Amino acid sequence: MGNKKCNEPDCQKQSQNGFFGYCVAHGREQGITKKSNPECKEIGCKKVAVFGFENYCIAHGREYGITKKSNPECKEKGCQKRKKGGFSGYCIAHGREYGVTKISSILCKEEGCQKRRKSGFNGYCVAHGRAYGITKRSTGPCKEKGCQKRRQSGFNGYCIAHGREHDV
Numbered sequence: 044m045g046n047k048k049c050n051e052p053d054c055q056k057q058s059q060n061g062f063f064g065y066c067v068a069h070g071r072e073q074g075i076t077k078k079s080n081p082e083c084k085e086i087g088c089k090k091v092a093v094f095g096f097e098n099y100c101i102a103h104g105r106e107y108g109i110t111k112k113s114n115p116e117c118k119e120k121g122c123q124k125r126k127k128g129g130f131s132g133y134c135i136a137h138g139r140e141y142g143v144t145k146i147s148s149i150l151c152k153e154e155g156c157q158k159r160r161k162s163g164f165n166g167y168c169v170a171h172g173r174a175y176g177i178t179k180r181s182t183g184p185c186k187e188k189g190c191q192k193r194r195q196s197g198f199n200g201y202c203i204a205h206g207r208e209h210d211v
């Protein structure tokens with residue numbers, strides 16, 4: 044299966060999926076639009092609509108006061124910048140202002156510990172989480188009295204043998 048050319052005579056561009064044998068430019072001239080790349084709904088605008096701007100391009104979305112909701116703002120009051128991952132809900136500038144660094148947001152919250160946080164341990168590394176009695180729900184001993192085998196996921200807190208006994 045070779046590269047097919049656009050159906051439009053004298054066009055040397057490659058045809059694109061979803062444009063029925065046409066290149067993007069000629070497909071749009073024919074009135075063909077892809078669902079994944081719809082045009083801006085502003086009459087006369089040929090730009091691609093952007094997700095989160097209610098089927099408008101960025102320029103027209105902003106013109107109508109539509110803000111993209113998938114990028115929440117910094118939690119500093121009055122700041123319009125986007126929050127940045129690893130800065131505890133702040134934009135980079137405010138995160139640095141409050142001493143939050145990307146590294147500190149992934150490290151154990153125990154003072155002086157340089158190990159990484161582990162999910163399920165409330166912001167602590169495994170060692171400090173266990174020291175404070177925090178255990179992941181999915182780990183630990185079987186809930187059958189006297190059994191010291193590990194819980195098995197999908198067996199409702201029991202090891203495999205006791206899970207089968209209890210028809211879990």
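With the first letter of the sequence shown counted as 1, position 43 gets the number 86 in my numbering; the numbers rise by one all the way through.
Note that CB positions come from ideal geometry on N, CA and C, so glycine has one too.
Note that this is a predicted model, so its numbers are computed, not measured.
Since Cys122 and Cys100 are thought to touch, with beta carbons under 8 Å apart, how far apart are those beta carbons, to the nearest angstrom? 26 Å between Cβ atoms; not a contact.
Alpha-carbon spacing of Gly206 relative to Gly183, whole angstroms: 15 Å
Contacting residues, own chain, Cβ-Cβ under 8 Å from Glu153 (five flanking each side not counted): Same-chain partners within the cutoff: Tyr167, Cys168, His171.
Which of helix, strand or coil DSSP assigns to Arg125: strand
Leaving out five residues before and five after Gly45 in sequence, what residues of the same chain have Cβ atoms less than 7 Å from its Cβ? Any reading at Gly45 needs caution, since the residue's pLDDT is 49, under 50, leaving its predicted position unreliable; the model's value is listed next. Nothing listed; no residue qualifies.
Classification of Lys47 by the beta-carbon crowding that lies within 10 angstroms, buried from 16 upward: exposed
With DSSP as the reference, please indicate the residues paired to Glu116 in a beta bridge. Arg125
Which word fits Phe63, buried or exposed, when buried means at least 16 other C-beta atoms lie within 10 angstroms of its C-beta? Exposed, because fewer than 16 other Cβ atoms sit within 10 Å of the Cβ of Phe63.
Inter-residue Cα distance where the pair is Lys186 and Asp210: 14 Å
Buried or exposed: where does Phe130 fall if 16 or more other Cβ atoms within 10 Å of its Cβ makes it buried? Phe130 comes out buried.
Between the C-alpha atoms of Ala204 and Gln191, what's the straight-line distance to the nearest angstrom? 12 Å
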